[in-house]
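Some notes on the structure that comes next.
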Amino acid sequence: MTYRPLPYELYDTQEAVGKQWVAHPSPEHRRLLGLARDALLFVYATGQPYRFEDFRRALEARGHPPPGTFETPGNDFASLEEQLNSTRNFLTGRRDEADSTRDKEVLQAIVDTLHFISSTGQHRAFNEYLEHLEADAPPYVIASFETEKAAKAWLENQPIPPDSASVLIADAYHWVVHDERVGIFRLPRVRDLGYHLADLKKRHPPAAVASFATREEAEAWWKAQPTPARWAWVSIAAEPYLAVYHPNIQHHALYPLSMADGYEVEDDEVEPGEP
């Protein structure tokens with residue numbers, strides 16, 4: 044497989060969204076920019092940056108479609124497609140107004156991201172991802188495995204191997220790094236969950252919805268819930284735990300709040316007004 048460096052990484056496109064956020068403070072414009080921000084995150088969270096780059100190359104070969112090209116789906120996601128189209132229209136206008144070639148290209152990459160979601164029919168997956176963000180759910184994962192060997196075997200068998208996504212290995216978070224130059228995967232462990240737990244503890248202090256003597260009892264109860272929430276606080280042997288459900292992979296997990304120790308972020312470390 045040929046190595047394809049991505050022309051614009053997530054930082055470049057999110058920086059462009061941030062600049063537009065400052066320049067266009069109206070609630071409607073910020074709603075559109077928020078959707079663009081989440082669309083960019085979706086492509087990376089689902090491990091699709093290389094699939095998206097292939098899509099962009101095909102777009103450039105045949106010409107970018109004008110805004111409004113995609114038909115509104117006649118299903119539950121018609122409203123979402125209308126929002127995507129409105130965001131494309133808005134950002135196309137900002138692209139045309141941009142002064143530098145680089146700004147125009149980065150804004151076009153964001154517009155293409157919205158095209159990608161629409162033309163590949165990912166409305167359901169994107170809508171579920173938006174619900175994931177709205178629910179303050181733990182970091183998004185695309186798969187769960189018992190062992191690293193099983194994870195690598197699954198990754199190697201994917202037609203378009205994912206990159207820049209997270210997976211669970213024995214319920215621990217690992218980041219998928221796919222090096223196309225040599226065709227190998229790395230799965231470094233990441234600490235995102237620790238930061239998430241620390242933040243959740245601050246914004247939603249633990250209030251257990253159920254208490255258990257053992258972890259086994261808690262696991263059985265959580266898996267028996269007919270319509271589980273994406274997360275809930277529970278108590279196991281008087282210790283707070285976060286019960287997590289990943290609906291996209293139908294996976295349940297339990298994490299002790301003690302995993303947040305050392306990951307607290309002070310309020311003054313967060314930039315004000317971030318999009």
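Position one of the sequence shown corresponds to residue 44 (the working numbering), numbered consecutively onward.
Glycine included, each C-beta is placed from N, C-alpha and C at the ideal position.
Under the three-state DSSP convention, the category residue i falls into
{"i": "F120", "result": "coil"}
{"i": "S187", "result": "strand"}
{"i": "V210", "result": "strand"}
{"i": "H239", "result": "helix"}
{"i": "R137", "result": "helix"}
{"i": "V287", "result": "strand"}
{"i": "P299", "result": "strand"}
{"i": "E282", "result": "strand"}
{"i": "R232", "result": "strand"}
{"i": "D81", "result": "helix"}
{"i": "H67", "result": "coil"}
{"i": "Y306", "result": "coil"}
{"i": "S254", "result": "strand"}
{"i": "H175", "result": "helix"}
{"i": "V86", "result": "helix"}
{"i": "A275", "result": "strand"}
8 Å CB neighbourhood of residue i in its chain, flanking five on each side removed
{"i": "F120", "result": "H166, R167 and N170"}
Nearest-angstrom beta carbon gap, residue j and residue i [assumed within contact, 8 Å]
{"i": "L134", "j": "I160", "result": "Incorrect: roughly 13 Å between the Cβ atoms, too far for contact."}
{"i": "A215", "j": "R232", "result": "6 Å"}
{"i": "P181", "j": "H239", "result": "5 Å"}
{"i": "L297", "j": "R258", "result": "6 Å"}
Same chain, Cβ closer than 7 Å to residue i, neighbours up to 5 away in sequence not counted
{"i": "Q63", "result": "L76 and R137"}
{"i": "K244", "result": "L300 and A303"}
{"i": "L150", "result": "A59, L134, R137, R138 and A141"}
{"i": "T56", "result": "L83, V149, A152 and I153"}
{"i": "T130", "result": "L75, L78, A79 and L157"}
{"i": "P249", "result": "W276, P283 and L300"}
Buried/exposed call for residue i, threshold 16 Cβ in 10 Å
{"i": "P92", "result": "buried"}
{"i": "E201", "result": "At residue 201 the sequence reads Gln, which differs from the Glu that was named. Result: exposed."}
{"i": "D206", "result": "buried"}
{"i": "G226", "result": "exposed"}
{"i": "S69", "result": "exposed"}
{"i": "S122", "result": "exposed"}
{"i": "P283", "result": "buried"}
{"i": "S209", "result": "buried"}
{"i": "N128", "result": "buried"}
{"i": "G90", "result": "buried"}
Neighbourhood of residue i by C-beta, 6 Å cutoff - its chain only, sequence neighbours within 5 removed
{"i": "K266", "result": "H295"}
{"i": "Y306", "result": "G237, Y238 and A241"}
{"i": "P271", "result": "Y288"}
{"i": "I212", "result": "F188, E191 and A194"}
Just checking, does the stretch 236-255 make contact with the stretch 272-285 on the three C-beta pairs under 8 Å criterion? Touching, yes.
Whether or not the stretch 234-254 and the stretch 293-305 are in contact is what I'm after, with contact meaning three or more pairs of Cβ atoms, one per stretch, closer than 8 Å; do they touch? Touching, yes, given that three or more Cβ pairs across the two stretches are closer than 8 Å.
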